[in-house]
Amino acid sequence: MKVLLIGSGGREHALAWKIAQSPKLTALYAAPGNPGIAEEATIVAIDVDNQQAVVDFCRRTAIDFVIVGPEAPLVAGLADTLRAAGIAVFGPSAAAAQLEGSKGFTKDLCAKYGIPTGAYKRFTEAEAAKAYVREQGAPIVIKADGLAAGKGVTVAMTLDEALAAVDECFAGAFGPAGAEVVVEAYLDGEEASFFCLCDGKNALPLASAQDHKRVGDGDTGPNTGGMGAYSPAPVMTAEMVERTMKEIIEPTMRGMAESGYPFTGVYFAGLMITQNGPELIEYNVRFGDPECQVLMMRMKSDLLPLLYAAATGTLGEMSVDWRDEAALTVVIASRGYPGAYEKNTPITALPGESATTKVFHAGTAMKDDQLVATGGRVLNVTGMGKSVSEAKDAAYAALRGVSWENGFYRHDIGWRAVARETA
Ligand code: AMP
Ligand code: GLY
2 MKVLLIGSGG REHALAWKIA QSPKLTALYA APGNPGIAEE ATIVAIDVDN QQAVVDFCRR
62 TAIDFVIVGP EAPLVAGLAD TLRAAGIAVF GPSAAAAQLE GSKGFTKDLC AKYGIPTGAY
122 KRFTEAEAAK AYVREQGAPI VIKADGLAAG KGVTVAMTLD EALAAVDECF AGAFGPAGAE
182 VVVEAYLDGE EASFFCLCDG KNALPLASAQ DHKRVGDGDT GPNTGGMGAY SPAPVMTAEM
242 VERTMKEIIE PTMRGMAESG YPFTGVYFAG LMITQNGPEL IEYNVRFGDP ECQVLMMRMK
302 SDLLPLLYAA ATGTLGEMSV DWRDEAALTV VIASRGYPGA YEKNTPITAL PGESATTKVF
362 HAGTAMKDDQ LVATGGRVLN VTGMGKSVSE AKDAAYAALR GVSWENGFYR HDIGWRAVAR
422 ETA
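First residue of the sequence shown? That's 2 in the numbering used here, and the numbers climb one at a time after it.
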């Protein structure tokens, strides 16, 4: 099978690394790619925002299957364009990608299909939203409706903070994404990410992970795209997985199909495990980054046929095997991230690979034969072990082999699971 992978982050490096191991693969291409992905795939210079250019490349190169990593091209309809051209593609249609693209859409689906989630209301003007916030009181959660690069959510512990967040959204802080605001009840519990493949009518649960969104040790400071992750998430017991499938994933799959938007691809459910069980915080319609990196380390099965089955409606015949080990990844980011940071700073050494560690590239590039950092999140140093503690030790030991002066990382990735293991 000839495959084109779309994307350029650590997630796509992990996917490329795993797909490259498939006996079914005959050639792997990637765009835009990065230097890590270039070790596994042929990088092609196509503009991935130009959907016709992607179709033309696929025809010219006889690509059998396209795998889309990030959400933006899905929300823009790349999967629709490819399918219309008769090319198999992993990833939902633009209509089904509204599950991630519009929080209001997802909330309405939850209401209609009885999917547990925080009570909410949608607003298009500030005064009504603020009146509702005053009526509900704090803590309360304010969300810009559209895609805001993970920054459109304020978990307000006080009324003043909540009212300020409403004003900020309507004042245009998140651009068009904030033209509509969702006000949502605060959910108390432990968060987990849950991943599940879907072909429109069959769902195949993958695995769970936990992410660290805050930039600083002790889960402090501003939110980021994720500073590290581990899998499995101890809070996702077999019982919680079964309940999540029954109470959240299956009704979503049915709801999407009945609404005329059958979902194919991967459901990334952001969950809060509350006293009442799993409740949905949000859906993403692609693998998590860096959650994908730890999932790929743990997956024993061949990934390529699983993704192809999700794309072609044959997931019902598939199963998936996992290693018993835990995996943990630490993100090294450019100093200043998630704010402004310097670009093109040199990375002069990376650790050698071992059976239990792997460095995935995110925002890196080659400039004049020198590896440089070009993004906010730059490297994902990943380790495996019999426990999360062992995986953590492996990852942090490998991290000492990185020489990059402008990089920083959190020192406590996995702390919740480690505390459980050592209790
Ligand atoms: P989201 O972009 O929807 O994933 O939200 C970002 C983060 O805000 C989540 O990962 C949670 O930590 C937090 N969050 C979102 N919604 C809620 C909620 N209803 N209750 C508590 N925390 C929330
Ligand atoms: N790590 C969170 C995300 O991919 O959205």
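Using N, Cα and C, we set each Cβ at its ideal position, and we do this for glycine too.
Any non-hydrogen atom of the ligand GLY closer than 6 Å to residue i Cβ
i: G229; result: no
i: D220; result: no
i: D65; result: no
i: D325; result: no
Close-in-space but distant-in-sequence residues of the same chain around residue i (CB under 6 Å, 5 per side omitted)
i: T125; result: E181
i: T155; result: I143 and A166
i: A310; result: L316 and M319
i: A98; result: L75, V76 and V286
i: E283; result: G271
i: Y410; result: V331 and I333
i: W428; result: For the chain, the structure presents residues 2 to 424; residue 428 sits outside this window and is missing.
i: D48; result: A54
i: L160; result: A139
C-alpha distance - residue i paired with residue j, whole-angstrom precision
i: V1; j: C59; result: Residue 1 is absent from the structure shown; the chain starts at 2 and stops at 424.
i: A399; j: T358; result: 7 Å
i: W323; j: A366; result: 32 Å
i: A21; j: I249; result: 33 Å
i: L75; j: A356; result: 34 Å
i: V379; j: T349; result: 13 Å
i: S260; j: A95; result: 14 Å
i: G190; j: A328; result: 23 Å
i: T62; j: V55; result: 11 Å
i: D394; j: G384; result: 8 Å
i: L198; j: S320; result: 11 Å
i: I44; j: G34; result: 6 Å
i: W1; j: D290; result: The structure shown has nothing for residue 1, since the chain only spans 2 to 424.
i: G176; j: A193; result: 29 Å
i: Y342; j: V403; result: 19 Å
i: A186; j: D168; result: 18 Å
i: G510; j: K202; result: With the chain running from 2 to 424 in the structure shown, residue 510 is simply not present.
i: L1; j: M297; result: Lying before the first or after the last residue shown, residue 1 is absent from the chain, which here runs from 2 to 424.
i: G153; j: Y338; result: 17 Å
i: I64; j: M2; result: 8 Å
i: E72; j: Y268; result: 12 Å
i: K426; j: G376; result: With the chain running from 2 to 424 in the structure shown, residue 426 is simply not present.
i: Q294; j: R123; result: 35 Å
Boundaries (first-last residue) of the alpha helix (DSSP H) holding residue i
i: T155; result: Note, T155: premise wrong, no alpha helix (DSSP H); beta strand (DSSP E) at V154 to A157.
i: K422; result: Strictly speaking, residue 422 in this sequence is Glu, with Lys absent from that position. First-last of the alpha helix (DSSP H) with E422: W416 to T423.
i: G105; result: K104 to Y114
i: H14; result: G11 to I20
i: R255; result: E251 to E259
i: G390; result: What sits at residue 390 in the sequence shown is Ser, not Gly. Here the alpha helix (DSSP H) through S390 covers V389 to L400.
i: F264; result: Taken as a continuous stretch (DSSP letters only), F264 belongs to no alpha helix (DSSP H), as it is neither H nor E.
i: R336; result: Where R336 is concerned, there is no enclosing alpha helix (DSSP H), given that its DSSP letter is neither H nor E.
Residue i, enclosing beta strand (DSSP E) - first and last residue
i: V182; result: V182 to A186
i: E192; result: E191 to D200
i: T438; result: With the chain represented from 2 up to 424, any question about residue 438 goes unanswered, as that position is not in the structure.
i: Q371; result: Q371 to A374
Contact check, residue i vs residue j, beta carbons under 7 Å
i: E292; j: D212; result: yes
i: I68; j: L308; result: yes
i: V184; j: Y262; result: no
i: A42; j: L26; result: no
i: T245; j: P279; result: yes
i: V331; j: A396; result: yes
i: A418; j: V389; result: yes
i: I414; j: G138; result: no
i: G266; j: G92; result: yes
i: D146; j: K104; result: yes
i: G70; j: E128; result: no
i: A157; j: A163; result: yes
i: T275; j: L188; result: yes
i: N277; j: T346; result: no
Cβ neighbours of residue i in the same chain (closer than 8 Å, five flanking residues each side left out)
i: V426; result: Look at the range of the chain in this structure, 2 to 424, and you will see that residue 426 is not part of it.
i: P36; result: H362, T365, A366, M367 and L372
i: G217; result: R411
Distance cut-off 6 Å: residue i Cβ against heavy atoms of the ligand AMP
i: I274; result: no
i: L1; result: A question about residue 1 goes unanswered here, because the residues of the chain that appear run from 2 up to 424.
i: I282; result: yes
i: V142; result: yes
i: L110; result: no
i: E72; result: no
i: L351; result: no
i: G190; result: no
i: G271; result: yes
i: V419; result: no
Chain-order list of residues whose beta-carbon lies under 7 Å from that of residue i (same chain, five-residue window excluded)
i: L425; result: The first residue shown for the chain is 2 and the last is 424, placing residue 425 beyond what the model contains.
i: R84; result: V90
i: M257; result: A97, P263 and F264
Distance cut-off 6 Å: residue i Cβ against heavy atoms of the ligand HEM
i: G289; result: Within the structure as shown, the ligand HEM is missing, the only ligands being the ligand AMP and the ligand GLY.
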